[in-house]
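First residue of the sequence shown? That's 1124 in our numbering, and the numbers climb one at a time after it.
No residue lacks a Cβ here, since even glycine has one placed at the ideal position from N, Cα and C.
Here's the structure we're looking at; comments come further down.
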Amino acid sequence: MRKLLTILLILYGSVHSYFPQVPKEMENLGRLKAGEWLRYKMSSASDYSASELYIGVISADSSCTRKCFWIEIQLASESDSVVAKYLIFDNPRQFDMSRVILKLGNRPAMLLRFPNDQAGFPEKPNPEKTRLVFIENETVVVPAGKFECKHYKVIVEDDTRAELWTNERVPLFSVVKSVSKTDTLVLSDYGSAGALELIKEKPIEMDLKQFLLEMFNPLFKDD
1124 MRKLLTILLI LYGSVHSYFP QVPKEMENLG RLKAGEWLRY KMSSASDYSA
1174 SELYIGVISA DSSCTRKCFW IEIQLASESD SVVAKYLIFD NPRQFDMSRV
1224 ILKLGNRPAM LLRFPNDQAG FPEKPNPEKT RLVFIENETV VVPAGKFECK
1274 HYKVIVEDDT RAELWTNERV PLFSVVKSVS KTDTLVLSDY GSAGALELIK
1324 EKPIEMDLKQ FLLEMFNPLF KDD
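As C-alpha cells, then:
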C-alpha cells in the first residue's frame, strides 16, 4: 500500500508538472466539465509492474470563490487501490490542495488539510525551466482506439523528461499517451459523462503529521 501511495503522489506531481505545459492552440481544451473521465494503463520501467490510473471530474463545488470541481485520481493494482480527491478549478492548470481526501484500500477515507501557503499552485510554471516542444503529427494506436496526435517533448532544464501524444477528443489534459524515464501511460478508455465517484463516505479528518508518521513508519503493514 505504501508503494502504491508513493507512486500516486509522484504521479500526481507529474500530472501537474507535465500537463500544464499546453501549447497555445490547446488553451481552450482544458476546460472542465462534470462527468468527464479518463482511464489509463500505466507500466513502470523500473519493476515492470502494471497499474490502472483513473481520473474523474466528479461534481462542481459551490464553496469556491470561482468555478471549481471535485476531481478523483485512482491508482489501482491487482491487490491494492489508492484514491485521492481534491478541488480543481475550471482550468486544470490551477488546483486547490488545501483539502485532500485519501482512501487507501478498504480503510476509512481521510481528510487532510494543508497550510494555506501550500494549498495552491501558480497557473504558469517557470518557462525557463520547462518547455513543451512540438515534434510532429503522428497516428497513435492505444487500447482506447486510433488517434491523430500531436507529439511533444517535455524538456526541463535541457533534459527530456517525457514525451506526450495529444488529441483534442480526449477530455481534461488531451493526453493519449505519455512516456517518461520511469513509466508509460496509454489511454484505455474515456468519456464525456458518467464519471464514477469512488469516495462517497464522509471522511475522517486526520492530522497531516500523524498521517505521515503512520504511513511511512516501518511498522506500517499493508492490508
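What do you get for residue i, buried or exposed, if any count of 16 or more other CB atoms within 10 angstroms of its CB means buried?
| i | result |
| --- | --- |
| Ile1327 | exposed |
| Leu1331 | exposed |
| Thr1289 | buried |
| Phe1270 | buried |
| Asp1282 | exposed |
| Ile1258 | exposed |
| Val1264 | exposed |
| Leu1336 | exposed |
| Val1277 | buried |
| Lys1226 | buried |
| Lys1208 | buried |
Residue i and residue j: beta carbons closer than 7 Å?
| i | j | result |
| --- | --- | --- |
| Ala1316 | Gly1158 | yes |
| Val1299 | Leu1310 | yes |
| Leu1295 | Val1206 | no |
| Gln1306 | Ser1167 | The question names Gln, but residue 1306 in the sequence shown is Asp. The answer is yes: Cβ separation under 7 Å. |
| Glu1324 | Ala1232 | yes |
| Tyr1313 | Leu1161 | yes |
Can you tell me whether residue i is helix, strand or coil according to DSSP?
| i | result |
| --- | --- |
| Phe1192 | strand |
| Lys1273 | strand |
| Lys1208 | strand |
| Leu1155 | coil |
| Tyr1332 | The sequence given here has Lys at residue 1332, not Tyr. Here Lys1332 sits in helix by DSSP. |
| Lys1325 | coil |
| Asn1260 | strand |
| Gly1179 | strand |
| Glu1286 | strand |
| Gly1228 | coil |
| Arg1292 | coil |
| Asp1184 | strand |
| Ala1199 | strand |
| Ala1173 | strand |
Thinking C-alpha only, which one of the options is nearest residue i?
| i | options | result |
| --- | --- | --- |
| Ser1202 | Val1223, Leu1225, Tyr1209 and Ala1173 | Ala1173 |
| Val1210 | Lys1190, Lys1273 and Leu1319 | A small correction: the amino acid at residue 1210 is Leu; Val does not occupy that position in the sequence shown. Answer by Cα proximity: Lys1190. |
| Phe1212 | Tyr1177, Val1264 and Phe1192 | Phe1192 |
| Leu1308 | Lys1325, Val1279 and Ala1267 | Ala1267 |
| Glu1291 | Thr1262, Ile1278 and Cys1272 | Cys1272 |
| Tyr1163 | Lys1304, Gln1333, Met1329 and Val1293 | Val1293 |
| Gln1197 | Met1165, Ala1285, Lys1276 and Leu1287 | Met1165 |
| Ser1182 | Met1329, Lys1325, Leu1319 and Glu1324 | Leu1319 |
| Leu1155 | Lys1304, Gln1333 and Ser1297 | Ser1297 |
| Met1329 | Ser1186, Arg1222, Asp1184 and Ala1199 | Arg1222 |
| Asp1184 | Asn1229, Ile1194 and Val1279 | Ile1194 |
| Ala1285 | Glu1175, Val1256 and Asn1260 | Val1256 |
Which whole runs of the beta strand (DSSP E) in the region 1295-1322 are 3 residues long or more, in chain order?
The qualifying runs are 1298-1303 and 1306-1314.
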